[in-house]
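Engineer: Shown below is the structure under consideration.
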Amino acid sequence: MRDLADFPAELLHPILGLAFAGRPPPSRFDHDPDGVLDLRGLSRLLLVNHRWHETFLPYVYSSWSFDGGYQPYRCLWKFFRTIMTHPHLAALVQTLNIGNWGFGLPYYIAEQPLNLDAEELGLVSKAVHLAGLQHLEVEILSKVSTPLARNHPLVALLLARLPNVSTIYAHIPDSDPYLHSVLLAALERPCTIFTNLKTIYLLPEVPVLEPYAPEFKSDSAYYPALSLDMTWPALYLPTLRALYLYNLETKGLADLLASHAPKHARECLITCLSIATHKDSKCLPEDISALLALPKALTSVSLFWNNYKFKTGPSKKDVVYKVSNNQIYHVLQKHSSSLENIDIFHGLSTGHHNIKDHFGPLTMFVVMKSLTVQAEVLLGCDDSKILTCLPAGLRTLTLMVDTVRQARLPGLLSQLGLLVESDKPTLKRLRLCENNPKYTDPDTLEAYQNLLGVCAQHNVSFGIVGYWSPGDTDCLIASGGRCPWIWRKTMHMMGTGIHRREKVRTRLVRREFGESSSSGGEDETNFTYGVHTVPFRDHRGRASFMVFEARDPPKLPPLISCSFYFTHPDTEPGSLDLEGLFRAIENQKDDFHVRLDIYFLPGASETDCIAHYRAERATRADSRVQMQESRQRRGVESIPPLLRPLPGMIQRLRGRERFEGALCICADPDWNSNSGNNNNNNGNPEQTFSCVQFRARDEVEETGLPPRFTEVFPLAGNTESAVSGWVWNLAHGFLDEFLGPYQRAERKGWGYW
């Protein structure tokens with residue numbers, strides 16, 4: 001049998017990947033289907049014999065990861081000590097995946113302080129001199145061996161001592177002067193630091209705020225922004241060719257780049273630039289233009305930004321316009337002779353694109369191979385431009401048509417058919433990207449079928465794709481750099497950062513309300529967390545159920561509720577998988593804090609269900625009143641003094657329109673009927689549910705508005721056009737008000753309100 005060490009590298013690498021595929025971090029933020037290698041198992045191969053040790057040692061040290069969200073300072077120190085004492089191991093590291101180092105040691109992880117001896121401090125001093133940071137030596141030595149040791153200095157020194165690292169994933173803190181100093185040193189000494197660095201992925205670290213910081217109670221604090229104030233020198237690293245920026249705040253970029261203009265006319269040699277701006281970024285024309293125009297010659301560019309304008313000033317009445325599609329087009333013309341791939345995604349919170357703001361012809365982009373863009377951004381309101389505006393050598397065209405109006409789609413599809421039939425022999429792939437295809441209209445359906453036939457005749461691959469979903473092995477749509485596939489190797493660190501933040505926030509909130517930081521049994525081994533089905537009797541005395549996710553103990557039901565009605569005469573309440581229903585609706589959504597109240601009304605109409613809802617609510621407590629009472633009892637009793645067998649109901653919904661209530665109706669015998677697959681946990685995709693929102697009678701009389709608004713959705717999906725998205729939107733408006741009191745009551749052991 002052939003020795004494993006004799007296998008060529010192109011075969012050995014996938015074999016080891018399959019044999020030692022580790023379990024991916026337990027976070028929904030990690031979308032890497034390959035997971036991570038089981039390094040402990042892989043390391044055992046080193047013990048077989050000397051030959052295997054030499055063969056497999058590069059695989060063990062080829063990549064290194066440090067996540068300060070759960071790994072202690074000691075882990076970072078041990079690796080630093082290894083690379084300082086064994087330079088040949090440092091030379092093997094090619095990929096770094098680091099993050100969450102800005103907060104230092106997580107105080108909820110018990111660990112003895114790390115006391116370094118004189119020899120170990122000598123290693124730190126040596127690293128400081130090798131990195132050219134002598135001016136910081138005293139400061140660094142004072143921070144690496146104290147009970148409150150910080151990660152910042154060691155991370156910076158570590159980066160400077162890995163000569164062959166080619167790819168870095170980094171979740172960087174808002175401020176890190178040591179990282180900034182190392183990057184400056186790399187510009188001054190390009191032959192000693194980052195000599196082989198080709199690709200950098202930069203993301204913002206999820207911050208851990210002080211209890212009285214202004215952002216402590218702000219929702220926007222959960223979406224940290226990436227700043228280049230500390231990392232701008234990376235733009236000029238001579239070996240860097242690809243830079244990916246996630247959640248970038250562009251405010252002040254033009255001034256930043258102008259004020260730090262490199263000496264000796266140093267150039268930015270980046271060829272692949274991906275910019276996914278923060279959802280609230282100002283995206284002023286001068287800032288975006290300065291960043292896009294900085295590289296000498298781009299071959300690939302991705303850009304995402306949101307909306308057309310924002311309001312500012314003391315009263316938020318002054319309107320400032322963001323960078324326009326046309327301005328982006330003019331900036332990109334600088335790279336017209338080098339750009340091969342363009343991916344532009346202009347996000348919108350509401351409404352449709354400004355069809356007067358669009359690109360001009362792209363014919364001057366002579367080497368372009370791939371274009372991903374929204375139809376309105378490329379064409380404006382004239383679909384016929386598709387025949388003349390594209391470069392001659394284009395091979396892949398992906399049009400995002402989510403925001404294209406229904407009446408326009410047939411004409412757009414027809415023009416695409418003419419494009420395929422025209423003198424564009426290089427076009428090999430055509431994709432339409434939308435999450436909710438609109439091909440139910442007869443005219444649109446006919447145009448779609450014609451386009452499909454034309455593509456088949458001309459050997460052009462055609463398909464309709466979604467933006468991305470977990471499990472995809474090919475990310476066709478980069479979405480301006482926001483596609484999770486791009487960040488799949490490192491996005492899990494954002495999840496652990498959020499988890500760390502919540503741990504700290506929970507303790508700070510308890511301190512703010514005068515509670516013990518350990519009240520309620522923080523040790524997670526004292527309880528389980530799962531979906532619970534609790535039977536109860538409605539106002540008619542008939543069997544009903546509430547289904548919710550909570551700790552056990554105490555199984556406290558949420559105060560935010562959504563009512564579900566089963567109206568088929570053959571429905572058997574005892575045979576329904578209500579836990580499966582909850583799981584399908586939850587659909588891995590964040591902040592899914594809602595209680596499902598399940599009722600059974602055989603043969604009932606929408607009107608009957610609304611009448612039952614109103615009658616049931618009249619006999620139940622007001623959720624907001626119960627929540628306020630829980631606040632009053634916060635420092636007195638550990639459990640409510642009076643037994644309330646049922647949690648309350650919301651009296652009025654929130655949103656752009658004022659609705660009295662909302663409910664969902666299943667007219668089939670089972671929520672998962674006719675699926676043909678007992679293992680289908682998301683329901684039958686062809687089965688629909690009626691989602692009803694209704695107004696109060698007096699409001700209907702006063703305004704003349706329709707008494708109710710009904711939509712028909714499938715059960716599960718990744719968009720709002722599903723029951724899962726509808727329920728999430730319904731509950732999310734109450735989350736900030738109700739979640740905090742619920743968590744405090746749960747920690748106190750309350751099982752009812």
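Heads up, the sequence shown is in this note's numbering, so the first residue is 1 and it goes up one at a time.
Note that the Cβ used here is the ideal one computed from N, Cα and C, for glycine as well.
#1: Quick check on the DSSP output: the beta strand (DSSP E) that includes C191 runs from which residue to which?
#2: Take R631 as the anchor and find which of G393, Q743, V727 has the nearest alpha-carbon.
#3: Specify, as a first and last residue, the run of the alpha helix (DSSP H) that P741 falls within.
#4: What residues match up with W64 in a beta bridge as DSSP calls it?
#5: State the Cα-Cα distance for the pair F566 and A550, rounded to the nearest angstrom.
#6: Are the segment 124 to 134 and the segment 449 to 457 in contact at 8 Å, needing three or more beta carbon pairs?
#7: What is the C-beta distance between P153 and L184, in whole angstroms, given that I count them as a contact (C-beta under 8 Å)?
#8: Using 7 Å as the threshold, is the C-beta distance between L92 and Y61 below it?
#9: Any idea what DSSP makes of L430, helix, strand or coil?
#10: Can you tell me where the beta strand (DSSP E) holding H346 begins and where it ends?
#11: Taking 7 Å as the threshold (C-beta atoms), are L578 and V547 in contact?
#12: Grab the span of the alpha helix (DSSP H) containing A447 for me, first residue to last.
#13: Taking three-plus beta-carbon pairs below 8 Å as touching, is the segment 695 to 702 in contact with the segment 591 to 607?
#14: Return the chain-ordered list of same chain residues with a C-beta closer than 7 Å to the C-beta of K356, the five sequence neighbours on each side being excluded.
#15: If we count the other Cβ atoms within 10 Å of its Cβ and call it buried at 16 or more, is K78 buried or exposed?
#16: Starting from Y321, follow its DSSP beta bridges and name the residues at the other end.
#17: Is the segment 410 to 428 touching the segment 383 to 396, taking contact as three or more C-beta pairs under 8 Å?
#18: Am I right that G481 and I344 are in contact with their C-beta atoms under 8 Å? What's the rounded C-beta distance?
#19: According to DSSP, is G463 part of a helix, a strand, or is it coil?
#20: Is the segment 153 to 162 touching the segment 175 to 184 in the sense that three or more CB pairs, one from each, lie closer than 8 Å?
#21: Please identify the residue among Y201, G411, Y70 whose C-alpha is closest to the C-alpha of N100.
#22: Can you name the residues that DSSP bridges to Q628?
#23: Can you tell me whether L47 is buried or exposed? The criterion is at least 16 other CB atoms within 10 Å of its CB, across all chains shown.
#24: Taking only three categories from DSSP, how would you classify S563?
#25: R189 and A90 look like a contact to me (Cβ under 8 Å); what is the Cβ gap, rounded to whole Å?
#26: Less than 7 Å between the C-beta atoms of L409 and T444, yes or no?
#27: To which residues of the same chain is F80 closer than 6 Å at the C-beta, ignoring the five residues directly before and after it?
#28: Can you tell which of K555, P569, W726 has its C-alpha closest to the C-alpha of G749?
#29: Between V331 and S289, is the Cβ-Cβ spacing less than 7 Å?
#30: By the 10 Å Cβ neighbour count, where 16 or more other Cβ atoms means buried, how is P602 classified, buried or exposed?
#31: Exposed or buried, which one is S227 when buried takes at least 16 other CB atoms within 10 Å?
#32: Quick check on this structure: which residue in S690, H568, I598, R658 has the alpha carbon closest to the alpha carbon of P669?
#33: So what does I275 bridge to, in DSSP terms?
#34: Is it the case that the Cβ atoms of I585 and V727 are separated by a distance below 7 Å?
#35: Where does T85 sit, in a helix, a strand or coil, going by DSSP?
#36: Identify, in the order they occur along the chain, each residue of the same chain with its Cβ nearer than 6 Å to the Cβ of E249, setting aside the five sequence neighbours on each side.
Structural biologist: Concretely, from the data shown:
#1: Locating residue 191 in the sequence shown gives position 191, where the first residue counts as 1. C191 -> no beta strand (DSSP E), and no H or E assigned at all.
#2: Within the sequence shown, numbered from 1, the residue matching residue 631 stands at position 631. The shortest Cα separation from R631 among G393, Q743, V727 belongs to Q743.
#3: As a first step, residue 741 is located in the sequence shown; it is residue number 741 there, counting from the start. From DSSP, the alpha helix (DSSP H) with P741 extends over 735 to 747.
#4: Residue numbering aside, residue 64 sits at position 64 when the sequence shown is read from its first letter. Partner(s): L96.
#5: Position 566 of the sequence shown holds residue 566. Position 550 of the sequence shown holds residue 550. The alpha-carbon atoms of F566 and A550 are separated by roughly 24 Å.
#6: The segment 124 to 134 is not in contact with the segment 449 to 457.
#7: Here the question's residue 153 lines up with position 153 in the sequence shown. Here the question's residue 184 lines up with position 184 in the sequence shown. Their Cβ separation, rounded to whole angstroms, is 15 Å, which puts P153 and L184 out of contact at 8 Å.
#8: Stepping through the sequence shown from its first residue, residue 92 is reached at position 92. Stepping through the sequence shown from its first residue, residue 61 is reached at position 61. Yes, the Cβ-Cβ distance between L92 and Y61 is below 7 Å.
#9: Position 430 of the sequence shown, counted from the first residue, corresponds to residue 430. Three-state DSSP puts L430 in a strand.
#10: Translated into positions along the sequence shown, residue 346 becomes position 346. Residues 341 to 347.
#11: As a position in the sequence shown, residue 547 is number 547, starting the count at 1. As a position in the sequence shown, residue 578 is number 578, starting the count at 1. Contact annotation: V547 and L578 have beta-carbon atoms nearer than 7 Å.
#12: The residue you call residue 447 lines up with position 447 of the sequence shown. Looking at the DSSP string, the run of the alpha helix (DSSP H) that includes A447 is 442 to 457.
#13: No, the segment 695 to 702 does not touch the segment 591 to 607.
#14: By 1-based counting over the sequence shown, the position of residue 356 is 356. So the qualifying residues of the chain are G380.
#15: Taking the sequence shown and counting its residues from 1, one reaches residue 78 at position 78. K78 is exposed by the Cβ-count criterion.
#16: In the sequence shown, residue 321 corresponds to position 321, counting from 1. Note: Y321 sits in a beta bridge opposite K309.
#17: yes
#18: The residue you call residue 481 lines up with position 481 of the sequence shown. The residue you call residue 344 lines up with position 344 of the sequence shown. With 8 Å as the limit, G481 and I344 do not qualify as a contact, their Cβ atoms being about 10 Å apart.
#19: The residue labelled residue 463 in the question sits at position 463 within the sequence shown. Here G463 sits in strand by DSSP.
#20: yes
#21: Looking up residue 100 in the sequence shown gives position 100. Ranking Y201, G411, Y70 by Cα distance to N100 puts Y70 first.
#22: Position 628 of the sequence shown, counted from the first residue, corresponds to residue 628. Per DSSP, none; premise fails for Q628.
#23: Counted from its first residue, the sequence shown places residue 47 at position 47. The residue is exposed, with fewer than 16 neighbouring Cβ atoms inside 10 Å.
#24: As a first step, residue 563 must be located in the sequence shown, where it is residue number 563. Three-state result, S563: strand.
#25: Taking the sequence shown and counting its residues from 1, the one referred to as residue 189 is at position 189. Taking the sequence shown and counting its residues from 1, the one referred to as residue 90 is at position 90. About 17 Å separates the two Cβ atoms, so there is no contact after all.
#26: Here the question's residue 409 lines up with position 409 in the sequence shown. Here the question's residue 444 lines up with position 444 in the sequence shown. Cβ distance < 7 Å, so L409 and T444 count as in contact.
#27: As a working note, residue 80 is residue 80 in the sequence shown. So the qualifying residues of the chain are L154, L158.
#28: Numbered from 1 along the sequence shown, position 749 holds the residue referred to as residue 749. G749 has its Cα closest to that of K555, out of K555, P569, W726.
#29: Residue mapping note: residue 331 aligns to position 331 of the sequence shown, counting from 1. Residue mapping note: residue 289 aligns to position 289 of the sequence shown, counting from 1. Against a cut-off of 7 Å, the Cβ pair of S289 and V331 comes out as a contact.
#30: Taking the first residue of the sequence shown as 1, we reach residue 602 at position 602. Counting Cβ neighbours within 10 Å, P602 comes out exposed, since fewer than 16 surround it.
#31: Along the sequence shown, one-based indexing puts residue 227 at 227. The residue in question, S227, is buried, as its Cβ has 16 or more Cβ neighbours within 10 Å.
#32: The residue given as residue 669 occupies position 669 in the sequence shown. The option with the nearest alpha carbon to P669 is H568.
#33: By one-based count along the sequence shown, residue 275 stands at place 275. Paired residue(s): L245, L303.
#34: Residue 585 sits at position 585 when you count from the first residue of the sequence shown. Residue 727 sits at position 727 when you count from the first residue of the sequence shown. Yes; because the gap between Cβ atoms is below 7 Å, this pair is in contact.
#35: For the purposes of this step, residue 85 is taken as residue 85 along the sequence shown, with counting starting at 1. DSSP places T85 in helix when its eight states are reduced to three.
#36: For the purposes of this step, residue 249 is identified with residue 249 of the sequence shown, where counting begins at 1. Taken in chain order, the residues that qualify are A225, S227, H278, S281.
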